[in-house]
Structures are given as structure tokens and as C-alpha cells.
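Counting from 1 along the sequence shown, just add 8 to a position and that's the residue number in this note's numbering.
Reading through the C-alpha cells given below for one structure.
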Amino acid sequence: MHVVTKQLVTEYLKDDTTKKRLEELSDQGPNNYTCETWLEESPAKRYIYELIYGPFLQGASQATILDVGGGLTSLTKVLASSHNYFLVDLLAHEQQENVNALQKAVNREFIIPNDWATLGDRNYDIIIANDLFPNVDQRLESFLNKFLPRCSKLKMLLTWYDTPRYYKTKRVDGDEVMFMLAWNGKQLEAVLEPFLPSIVTPHLDLFHESQESVFQNGRQTCLIEFQGGV
Numbered sequence: 009m010h011v012v013t014k015q016l017v018t019e020y021l022k023d024d025t026t027k028k029r030l031e032e033l034s035d036q037g038p039n040n041y042t043c044e045t046w047l048e049e050s051p052a053k054r055y056i057y058e059l060i061y062g063p064f065l066q067g068a069s070q071a072t073i074l075d076v077g078g079g080l081t082s083l084t085k086v087l088a089s090s091h092n093y094f095l096v097d098l099l100a101h102e103q104q105e106n107v108n109a110l111q112k113a114v115n116r117e118f119i120i121p122n123d124w125a126t127l128g129d130r131n132y133d134i135i136i137a138n139d140l141f142p143n144v145d146q147r148l149e150s151f152l153n154k155f156l157p158r159c160s161k162l163k164m165l166l167t168w169y170d171t172p173r174y175y176k177t178k179r180v181d182g183d184e185v186m187f188m189l190a191w192n193g194k195q196l197e198a199v200l201e202p203f204l205p206s207i208v209t210p211h212l213d214l215f216h217e218s219q220e221s222v223f224q225n226g227r228q229t230c231l232i233e234f235q236g237g238v
């Protein structure tokens with residue numbers, strides 16, 4: 009469990025393995041994946057991607073993986089071809105033609121365009137949630153309660169803000185305009201504390217430490233791994 013810092017990103021950029029992987033795949037033709045554009049533009053995102061997904065892209069034994077909100081990139085095909093990989097994602101940033109092409113290339117339907125809360129009680133070796141909680145989805149506690157008993161390992165990137173930040177939003181099932189307040193470190197710590205026995209190398213004090221953000225919007229991020237119940 010550690011904060012993503014500028015020092016760690018700078019050290020990673022000496023090799024930048026994710027960038028090399030993407031460049032190798034770009035020889036196979038252009039793509040228009042929004043999430044891949046974000047990866048190409050953000051060294052911090054590539055550092056995070058390599059830590060979370062790297063082991064599954066470099067010869068790790070086949071695993072049953074659930075990727076929650078992971079989006080589409082050229083590397084999605086590699087994951088889905090090498091593992092029993094499933095992506096559950098509302099795909100707000102991607103086109104249906106990309107979904108169809110990826111599943112055709114892998115020759116199986118592995119993309120679930122739905123809310124993770126609708127999934128059944130299947131077990132997984134690995135569950136990944138990269139940069140989803142709690143900035144995009146504030147149901148972190150419900151997610152952990154649902155999936156920790158159903159996996160061997162759960163890997164996440166969590167986000168919070170040291171200074172107040174909010175978003176003006178509109179319900180998709182109604183006319184209400186709402187304001188969603190992004191979480192601070194204290195809120196994250198309170199939700200994670202009951203799950204402390206499952207956290208690998210816990211360090212909840214990091215939510216009280218001030219770091220220079222590696223992102224333009226000033227958000228803080230930390231990588232965290234849980235031991236599941238399977």
C-alpha cells in the first residue's frame with residue numbers, strides 16, 4: 009500500500025515498460041481507444057498500469073481475472089487472450105465497434121457492459137479496480153463486501169483530494185441536478201479500517217500525509233492490495 013509520487017513515476021520512466029508495450033502493438037494498426045490515449049498522455053497512468061497489469065502481461069500463469077471499470081486499450085486483447093479475463097465496464101468512453109472488434113479478435117465475449125453490482129457470485133483469482141473508487145464510484149464499501157470473499161487477490165488504485173472538490177452532475181434516470189463531493193483521505197480511511205486485516209502491508213497513515221500530486225487536477229492516489237477469501 010503506497011501513494012503514487014513524482015519520485016516513483018520518475019524512476020519508472022527510466023524504462024517505461026507500458027509505453028514500450030503500446031508502441032509494439034501500434035505496429036498492428038491505429039486504434040481509437042479513449043483509455044489508451046489517456047495512457048499515452050500520462051506517465052503516472054502508465055506507471056500505475058504497469059504495477060497493476062504488468063504481471064499478467066509478462067508470462068504469468070493463466071488466471072481468472074475480473075477487471076472492474078478498466079476500459080479498453082490495445083493491451084486488453086493481450087489480457088483476454090492470455091487469461092480467463094472479464095471486463096465489466098459501462099464503457100462511457102468507448103464505441104460499440106471497438107467492443108465488437110475486440111471480442112471478435114479474441115473469439116469470445118468477455119466484455120460485460122453493465123454495473124458491477126449486477127454480477128453474480130462467481131469466484132475469481134484476481135480482481136482489479138484501477139482508478140474507479142471512490143472518485144467515479146463511491147460504493148467502495150459495498151464493492152469490498154461483495155467481492156473480497158470471491159477472490160484470492162484484489163488490486164486497486166484509490167483516489168482522494170486534500171482540498172474540497174465537487175462535480176455538478178445530472179441523474180440519468182431523472183431530471184435532478186446534483187452535486188457530488190469527492191472524497192478526502194479521512195473518508196477513505198474510515199471505510200478501509202474495517203478491512204484492515206485483509207490489506208497487504210497496511211499504511212492508513214498515508215491519508216494524513218501531504219504529497220505533491222502527479223496529476224494536473226491535484227488528486228492523490230494510492231495503490232492497495234487485499235487478500236481475498238478464496
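We put the beta carbon where it would ideally sit given N, CA and C, even for glycine.
Contacting residues, own chain, Cβ-Cβ under 6 Å from residue i (five flanking each side not counted)
{"i": "G193", "result": "W168, F215"}
{"i": "L212", "result": "E197"}
{"i": "T7", "result": "One cannot answer for residue 7 here, as it falls past the ends of the chain, which runs 9 to 238."}
{"i": "K163", "result": "I60, I136, E233"}
{"i": "T72", "result": "N92, Y132, D133"}
{"i": "M186", "result": "T177"}
{"i": "N106", "result": "L80"}
{"i": "S89", "result": "V114"}
Integer Cβ distance of residue i from residue j, believed to fall under 8 Å
{"i": "L21", "j": "P51", "result": "6 Å"}
{"i": "F203", "j": "L127", "result": "Wrong, their Cβ atoms sit about 20 Å apart, outside the cutoff."}
{"i": "V11", "j": "G77", "result": "Actually they do not touch by this definition, with Cβ atoms about 21 Å apart."}
Sequence-distant residues of the same chain with beta carbon closer than 8 Å to residue i, five excluded per side
{"i": "N122", "result": "V96, L98"}
{"i": "E102", "result": "Y41, T42, C43, G79, L80"}
{"i": "T120", "result": "Residue identity check: residue 120 is Ile in the sequence provided, not Thr. The residues are F94, L95, V96, D97, L127."}
{"i": "E201", "result": "L212"}
{"i": "F141", "result": "R147, L148, F151, M164, L166, T167"}
Alpha-carbon spacing of residue i relative to residue j, whole angstroms
{"i": "T177", "j": "C43", "result": "22 Å"}
{"i": "D75", "j": "S150", "result": "17 Å"}
{"i": "R147", "j": "D139", "result": "13 Å"}
{"i": "E111", "j": "L47", "result": "The sequence given here has Gln at residue 111, not Glu. In a straight line, the C-alpha of Q111 is about 21 Å away from that of L47."}
{"i": "L87", "j": "K53", "result": "18 Å"}
{"i": "A253", "j": "D23", "result": "Missing from the structure shown is residue 253; the chain here goes from 9 to 238 and no further."}
{"i": "R130", "j": "K161", "result": "14 Å"}
{"i": "V238", "j": "T171", "result": "38 Å"}
Contact under 8 Å by Cβ, residue i with residue j
{"i": "E233", "j": "V199", "result": "no"}
{"i": "G226", "j": "C159", "result": "no"}
{"i": "T18", "j": "E58", "result": "no"}
{"i": "L65", "j": "R116", "result": "no"}
{"i": "P210", "j": "M9", "result": "yes"}
{"i": "L231", "j": "L156", "result": "no"}
{"i": "L33", "j": "S69", "result": "no"}
Per DSSP, the bridge partner or partners of residue i
{"i": "D75", "result": "L95, I136"}
{"i": "Q235", "result": "K161"}
{"i": "Q228", "result": "W168"}
{"i": "T126", "result": "T126 pairs with nothing; no bridge assigned."}
{"i": "I56", "result": "In DSSP, I56 forms no bridge with anything."}
{"i": "K10", "result": "First, the residue type needs correcting, since residue 10 is His and not Lys in the sequence shown. In DSSP, H10 forms a bridge with L231."}
{"i": "F187", "result": "K176"}
Same chain only: Cβ atoms within 7 Å of residue i, ignoring 5 sequence neighbours per side
{"i": "L16", "result": "Y55"}
{"i": "S221", "result": "R227, Q228"}
{"i": "Y174", "result": "F187, M188, L189, A190"}
{"i": "F118", "result": "A88, Y93, F94, L95, Q111"}
{"i": "K85", "result": "L110, A113, V114"}
Test: residue i CB closer than 8 Å to a CB of chain C
{"i": "Q228", "result": "You won't find chain C in this structure, because it holds only one protein chain."}
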